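Using my numbering, you'd call the opening residue of the sequence shown number 3 and step up by one each time. Beta carbons: idealized from backbone N, C-alpha and C, even for Gly. Please read these numbers as outputs of a predicted model, since none were measured by experiment.
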Amino acid sequence: MNLIVQSAIHTRIVEIAKSLGNDARNLKSGDEIPASGLLDSAGLMELMFWFETEYDLEIPQEDLTIANFGTIDAMVDYLERARAGA
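Shown next as structure tokens:
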């Protein structure tokens, strides 16, 4: 599941970045997304909305942190914890 989820998240980030005039194709799974400058605040919100919709989750406000969503790897880890009920 990890590689499939990583690929889906990467693809969505590339799409959002492209709509903002940025090229995110070389983004690595461990790169910090906010620090990269590829997505602005609206792009980050769009990514979070997509993540909730795509994976049928409601992300609590307190979970919206760099530790949980700063990288693709962090998002995959968060999804696994959320699905496990942790």
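Go to isoleucine 35, then tell me how far its alpha helix (DSSP H) extends in each direction, as first and last residue.
From DSSP, the alpha helix (DSSP H) with isoleucine 35 extends over 35 to 38.
Check for me: the alpha helix (DSSP H) holding tyrosine 57 runs from which residue to which?
Here tyrosine 57 belongs to no alpha helix (DSSP H), and DSSP marks it neither H nor E.
Using only alpha-carbon positions, find the residue among Glu17, Ile35, Gly23, Ala26 that is nearest to methionine 77.
Ile35
Go ahead and label alanine 69 buried or exposed: buried means 16 or more other beta carbons lie within 10 angstroms of its beta carbon, across all protein chains shown.
With fewer than 16 Cβ atoms within 10 Å of its Cβ, alanine 69 is classed as exposed.
C-alpha gap between leucine 40 and glycine 87, whole angstroms
31 Å
What's the C-alpha gap between glutamate 56 and leucine 66?
17 Å
Is lysine 30 helix, strand or coil by DSSP?
For lysine 30, the secondary structure class from DSSP, reduced to helix, strand or coil, is coil.
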